[in-house]
Ligand code: NAD
Ligand code: ZN
Ligand code: ZN
């Protein structure tokens, strides 16, 4: 099978012919039709984070397709089912986090396209218990970005403790952020989008953001104060930039929530005095559970959310990464691997 492989951090990916994986008793083999390109894949190929991925690596955690084979212990999915393989490739199922429905915190988890080969390939193995079915009325290409960008931002909004009518800022309107804007609007929130350039501005406004702030031209926190006479109730920061996080933190009103989602390999100093006096919550949010994923897909099935997609091929992956690094992609790139 054809796959995109990285052998050393920061090297170009190469397109290779790998052996077709054989499913174990609790696995499924999935023929990948489409796989989204997440900025996390770029971090993985660069070895940006303290916990390194395996090498060589087939990246990808937005792979969706058709089950072609299941292990002999699997009865809940069958060949022909349409499924996606998310970042949470598998978890242990019995630790305190798994038992509490916080499986994304499981210490024994595997991650697709990081600790295990992912969806940048014609076929991908999956832990059958952790795949999530794609609703019938969503195409593979449309479903792919929801398996990370969608579920991550949907979950971040859930942990932001906002209610309909509140103001939320979405900092970074890339693959994640453009879905954050849509989920926020669908949840009845008022959205201020923060990114740069005419294309991201038009995209944000088309998707229902009330205001757009260009972070190169204006100080987002000052602009938010002038627009609302206060900070936002919550911010969801997906920017791959420390400056974006610092600005997001300063844009939250008293009692509000700053949700950290983006993963630039940097630290952000948090002022103790302001955080205490203002009663601000700073929370990290990591992807979402299988239940979050089902909920997030249901929004799309009902036509309330739809990723803006650029269809590309697996062979273009190095060029796609270059564009992503420059912040040149509006929406999500999805590589189409099969009809
Ligand atoms: P992306 O490249 O598509 O989008 C990033 C956006 O941030 C770009 O539009 C860029 O212009 C914008 N940006 C950069 N600096 C900014 C600033 N100072 N202010 C506002 N916007 C700014 O990336 P993506 O795929 O959306 O991923 C974003 C980040 O989220 C990555 O670090 C990725 O690893 C991380 N991520 C986290 C989770 C999670 O579960 N927490 C899940 C997926 C991705
Ligand atoms: Zn991702
Ligand atoms: Zn566990």
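Residue numbers (the numbering used here): 61 to 399. The beta carbon of each residue, even a glycine, is placed where N, CA and C say it ideally should be.
How about residue 61 and residue 89: are their beta carbons less than 7 angstroms apart?
Here residue 61 corresponds to residue number 1 of the chain shown, with the count starting at 1. Here residue 89 corresponds to residue number 29 of the chain shown, with the count starting at 1. No.
Continuous alpha helix (DSSP H) stretch holding residue 76: start and end:
Along the chain shown, read from residue 1 onward, the residue named residue 76 stands at position 16. Segment 74-77 is the beta strand (DSSP E) holding residue 76; no alpha helix (DSSP H) there.
Could you check the C-alpha separation between residue 77 and residue 310 for me, to the nearest Å?
Against the chain shown, residue 77 aligns to sequence position 17. Against the chain shown, residue 310 aligns to sequence position 250. Distance from the CA of residue 77 to the CA of residue 310, rounded to the nearest whole angstrom, comes to 49 angstroms.
Which residues bound the beta strand (DSSP E) around residue 150?
By 1-based counting over the chain shown, the position of residue 150 is 90. For residue 150, the enclosing beta strand (DSSP E) starts and ends at 148-150.
Using the Cα positions of residue 300 and residue 132, report the straight-line distance between them to the nearest angstrom.
For the purposes of this step, residue 300 is taken as residue 240 along the chain shown, with counting starting at 1. For the purposes of this step, residue 132 is taken as residue 72 along the chain shown, with counting starting at 1. In this model, residue 300 and residue 132 are separated by some 42 angstroms (Cα to Cα).
Looking at the secondary structure, which residues open and close the alpha helix (DSSP H) in which residue 377 lies?
As a working note, residue 377 is residue 317 in the chain shown. Element bounds for residue 377: 377-385.
Check whether residue 166 and residue 186 have beta carbons under 7 angstroms apart
In the chain shown, counting from the first residue as 1, residue 166 sits at position 106. In the chain shown, counting from the first residue as 1, residue 186 sits at position 126. Result no, Cβ atoms of residue 166 and residue 186 do not sit closer than 7 angstroms.
Give me the DSSP bridge partner(s) of residue 144.
Taking the first residue of the chain shown as 1, we reach residue 144 at position 84. According to DSSP, which records beta bridges pairwise, residue 144 is partnered with 124, 192.
Neighbourhood of ligand 2 [Cβ distance below 6 angstroms to any heavy atom], ordered by chain position
Output, sorted by chain position: 98, 100, 121, 147, 208.
Residue 339 and residue 314 look like a contact to me (Cβ under 8 angstroms); what is the Cβ gap, rounded to whole Å?
Within the chain shown, residue 339 is the residue found at index 279, counting from 1. Within the chain shown, residue 314 is the residue found at index 254, counting from 1. Under the criterion of beta carbons closer than 8 angstroms, residue 339 and residue 314 qualify as touching, at roughly 6 angstroms.
Classify residue 205: buried if its beta carbon has 16 or more other beta carbons within 10 angstroms, exposed otherwise.
Here residue 205 refers to the residue found at position 145 of the chain shown. Buried, because 16 or more other Cβ atoms sit within 10 Å of the Cβ of residue 205.
In angstroms, rounded to a whole number, what distance separates the CA positions of residue 94 and residue 366?
Numbered from 1 along the chain shown, position 34 holds the residue referred to as residue 94. Numbered from 1 along the chain shown, position 306 holds the residue referred to as residue 366. Straight across, the Cα-Cα distance linking residue 94 with residue 366 is about 16 angstroms.
What do you reckon, is the C-beta of residue 304 under 6 angstroms from a heavy atom of ligand 1?
The residue you call residue 304 lines up with position 244 of the chain shown. Under cutoff, so the answer is yes.
Can you give me the Cβ contacts of residue 380 inside the same chain, cut-off strictly under 7 angstroms, excluding the 5 residues immediately before and after it?
Residue 380 sits at position 320 when you count from the first residue of the chain shown. Taken in chain order, the residues that qualify are 97, 372, 393.
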